[in-house]
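Have a look at the structure below before the remarks.
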DNA sequence: TTGTAAGCGTTATCAT
DNA sequence: ATGATAACGCTTACAA
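Protein chains in written order, with my numbering: chain D, 429 to 778; chain Y, 429 to 778.
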């Protein structure tokens with residue numbers, strides 16, 4: 429019974445079904461199912477025949493149907509506060525590489541405009557019964573959210589920073605920031621300003637705090653005592669870097685000879701604004717960032733590099749391994765960072 | 429009849445089902461289905477009761493099951509050659525706004541690393557029975573692909589340029605490029621170079637060609653005759669802009685006094701490289717791009733602005749309207765562009 | 001190796 | 001307004 433030709437009432441929307449293939453190949457649907465999924469216990473000749481028929485009919489299994497039958501969607505979700513920013517778009521590409529290689533789909537949940545009511549994501553649209561695992565980018569999750577996720581029992585991992593209560597992958601922010609500040613100290617700078625990430629919002633959660641801490645520690649160890657007002661916040665964007673520079677430069681008194689920025693984008697903002705103010709980089713002002721943004725090399729920006737794509741790729745691999753039954757595959761890991769010397773840092777003017 | 433507690437053989441992975449809710453509320457599954465979907469013909473009191481029970485149980489409908497029953501996945505696919513480039517990430521954010529507002533999911537198909545074998549996307553992973561509609565970003569589809577898509581009968585639209593045989597949304601590339609070149613001509617430039625997009629690859633398909641054509645037309649009408657070698661190709665990236673500048677500047681003979689770049693990123697590459705070569709912008713060299721990239725304002729880059737997010741948002745709206753039964757909702761449209769004068773263009777030196 | 005048939009959780013038709 | 005119930009297309013014991 430039932431070829432796609434003689435299909436009933438609701439939607440003819442479904443195309444070629446497994447029954448059509450079975451009928452055309454003269455076998456049962458069970459055998460077709462086994463054959464197309466490459467399962468064993470199908471004779472070579474039968475499989476061959478079925479594959480041919482399936483191909484000629486253009487058969488593709490309905491993901492809804494197999495999802496319903498197996499309880500798996502073969503889709504993993506990526507939760508991101510933004511997509512059009514360097515870290516996030518790179519991470520998405522990295523995750524996608526692994527997903528593509530292992531034949532999974534990628535469902536993107538962007539908090540961008542609608543960050544406020546992320547509640548909804550956890551209730552309706554999202555997560556629940558739509559994805560097999562969740563990759564969270566640079567966000568802290570609330571207690572409730574984590575609990576909710578935990579209850580659903582889907583593998584979960586956070587990329588881009590430390591977050592309590594669950595596995596995470598990211599660079600050692602303390603070490604990375606320390607390296608950056610120490611580089612400035614080593615060059616002989618004593619008046620070092622800081623443009624850090626906002627730690628009011630949950631974006632990047634711990635990350636800003638840790639980087640600030642590292643700055644303070646390195647400064648203290650070097651016997652340096654930054655001016656109040658030389659610590660400005662930003663939100664990791666170019667624009668906020670520009671603003672921060674202006675606030676620092678408009679301060680009365682002497683100027684810093686170097687600025688450490690918690691992201692390359694902010695560093696670029698500082699550099700553009702410095703240029704506008706006629707401040708020579710690195711002659712009068714050294715600038716260092718963190719990230720190694722796509723534009724950093726072209727701008728000659730000295731930075732501490734990280735690779736969000738690799739981080740997300742690894743995280744995705746762990747998620748998929750866990751789904752493949754490798755219990756314990758998902759675990760925290762520290763990603764590498766590396767100081768890259770370029771043209772925006774130099775010893776302070778004598 | 430089954431509560432999630434007494435569930436059989438395969439996976440207990442499924443959580444609370446509609447039956448659980450029905451049982452707890454003392455109604456049939458049919459009524460629960462109507463109630464939770466906000467359908468009419470449910471008495472207020474019944475609905476209220478059901479909603480309460482559903483909420484307390486944390487019930488969420490299985491997308492696989494409803495997908496199977498309705499033939500709709502409530503997911504639209506976005507096909508992009510890259511995600512970590514300005515146009516694409518912005519477009520994704522724009523599409524997401526509309527999708528989120530209308531409670532659809534977003535499935536991302538990135539051709540990034542694996543662009544070569546995009547075949548697979550159309551066969552296996554993708555499209556077929558996984559998504560209700562497809563948004564294509566800046567790519568030409570082959571005849572077979574289009575036919576395939578057409579056969580599946582899912583709404584389809586292309587954003588970011590003209591493509592034959594299907595609806596598309598994008599700026600008028602000819603007009604936009606003309607405005608840019610004309611701006612240089614109006615400033616008095618006669619020696620105008622071009623850094624255009626690659627038209628070998630299918631990325632942006634028609635777009636590069638049309639922009640080149642506009643350049644030629646405007647030049648000819650102005651009675652200008654560009655040097656051979658002043659036309660360099662790029663691939664829309666910063667790096668390729670740098671390379672192009674070097675190739676142009678290394679040419680023997682006189683230098684152009686202005687360069688029109690087919691994208692802001694390439695324009696930035698030209699500017700960075702010009703700075704490195706000690707060429708003053710706009711003193712010795714005017715530079716104009718197309719896009720109005722996030723960084724363009726900070727860099728003072730004169731450009732012809734476009735808004736990929738708005739384009740994708742509109743395209744998505746059309747797709748969803750079509751799915752809502754508004755036949756003919758999907759149709760081609762021209763998006764706006766606007767010349768933005770900033771600091772990288774000026775009259776040529778006397 | 002292959003077939004039979006019972007689910008999987010919804011939705012939608014048809015009664016009531 | 002509500003309830004039975006038959007699909008939806010696939011997977012997977014279990015039987016053959």
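For each residue, glycine too, the CB sits at the ideal point set by N, CA and C.
{"Item": "Integer-rounded CB distance, given that residue 672 of chain Y should sit under 8 Å from residue 623 of chain Y", "Value": "4 Å"}
{"Item": "Under 9 Å by beta carbon: chain Y residues contacting residue 521 of chain D", "Value": "510, 511, 512, 538, 540 and 541"}
{"Item": "CB contact below 9 Å: residue 533 of chain D versus chain Y", "Value": "yes"}
{"Item": "Per-residue contacts from residue 734 of chain D into chain Y (C-beta, under 7 Å)", "Value": "Going along chain Y, no residue has its Cβ under 7 Å from residue 734 of chain D, so there is no contact; the nearest lies around 14 Å."}
{"Item": "Segments assigned beta strand (DSSP E), at least 3 residues, entirely inside the stretch 595-660 of chain Y", "Value": "596-599 and 620-625"}
{"Item": "CB of residue 676 of chain D within 9 Å of CB of residue 692 of chain D, strictly", "Value": "no"}
{"Item": "Supposed close pair residue 674 of chain Y, residue 619 of chain Y - CB separation, criterion 8 Å", "Value": "Not a contact, Cβ separation roughly 18 Å."}
{"Item": "Local Cβ density within 10 Å of residue 714 of chain Y, reported as buried at 16 or more and exposed below that", "Value": "buried"}
{"Item": "CB contact check: residue 676 of chain Y to chain D, cutoff 9 Å", "Value": "no"}
{"Item": "CA-to-CA distance, residue 730 of chain Y to residue 706 of chain D, given in whole angstroms", "Value": "20 Å"}
{"Item": "Neighbour-count burial assignment, residue 575 of chain Y, 16 or more Cβ in a 10 Å radius", "Value": "exposed"}
{"Item": "Sub-9 Å separation of residue 496 of chain Y and residue 496 of chain D beta-carbons", "Value": "yes"}
{"Item": "Cβ pair count under 8 Å reaching 3, the stretch 485-499 of chain D against the stretch 510-528 of chain D", "Value": "no"}
{"Item": "Cutoff 9 Å: residue 490 of chain D Cβ touching any chain Y Cβ", "Value": "yes"}
{"Item": "CB of residue 389 of chain D within 9 Å of CB of residue 740 of chain D, strictly", "Value": "Limits of chain D in this structure are 429 at one end and 778 at the other, which puts residue 389 of chain D out of reach."}
{"Item": "Cα-Cα separation between residue 801 of chain D and residue 766 of chain D, rounded to whole angstroms", "Value": "Lying before the first or after the last residue shown, residue 801 of chain D is absent from chain D, which here runs from 429 to 778."}
{"Item": "Residue from D/690, D/646, D/761 and D/734 with nearest C-alpha to residue 768 of chain D", "Value": "D/734"}
{"Item": "Cutoff 9 Å: residue 701 of chain Y Cβ touching any chain D Cβ", "Value": "yes"}
{"Item": "Where residue 723 of chain Y meets chain D, residues with beta-carbon distance less than 8 Å", "Value": "666, 696 and 723"}
{"Item": "Check whether residue 697 of chain Y and residue 634 of chain Y have beta carbons under 9 Å apart", "Value": "no"}
{"Item": "Three-way DSSP call (helix, strand, coil) for residue 444 of chain D in this model", "Value": "coil"}
{"Item": "Other residues of its chain near residue 535 of chain Y: CB distance less than 8 Å, five sequence neighbours each side excluded", "Value": "503, 504, 505, 506, 558 and 559"}
{"Item": "Span of the beta strand (DSSP E), counted from its first residue to its last, around residue 584 of chain D", "Value": "584-587"}
{"Item": "Rounded straight-line distance, which links the Cα of residue 607 of chain D to that of residue 772 of chain D", "Value": "16 Å"}
{"Item": "Residue 539 of chain Y beta carbon less than 9 Å from that of residue 508 of chain Y", "Value": "yes"}
{"Item": "Cβ-Cβ separation, residue 642 of chain Y to residue 664 of chain Y (assumed contact under 8 Å), whole Å", "Value": "Not really, about 16 Å apart at Cβ, beyond 8 Å."}
{"Item": "Per-residue DSSP class, three states only, for residue 486 of chain D", "Value": "coil"}
{"Item": "CB contact below 9 Å: residue 719 of chain D versus chain Y", "Value": "no"}
{"Item": "DSSP state of residue 671 of chain D mapped onto helix, strand, coil", "Value": "helix"}
{"Item": "Residue environment, residue 752 of chain D, which counts as buried when at least 16 other CB atoms sit within 10 Å", "Value": "exposed"}
{"Item": "Buried versus exposed, by CB contacts within 10 Å (16 or more), residue 448 of chain Y", "Value": "buried"}
{"Item": "Nonlocal neighbours in the same chain, by C-beta distance under 6 Å from residue 783 of chain D, ignoring five residues either side", "Value": "A query on residue 783 of chain D cannot be resolved here, the shown segment of chain D reaching from 429 to 778 and no further."}
{"Item": "Own chain residues within Cβ distance below 8 Å of residue 778 of chain Y, not counting five before or after", "Value": "none"}
{"Item": "Residues of its chain near residue 610 of chain Y, where Cβ-Cβ distance is below 7 Å and the 5 sequence neighbours each way are ignored", "Value": "646"}
{"Item": "Length of the line joining the Cα atoms of residue 434 of chain Y and residue 445 of chain Y", "Value": "Note that residue 434 of chain Y scores a pLDDT of 39, beneath 50, so its modelled location is shaky; the value from the coordinates is reported in the next line. Cα to Cα, the separation comes out at about 12 Å."}
{"Item": "Residue 727 of chain Y and residue 699 of chain Y closer than 9 Å at C-beta", "Value": "yes"}
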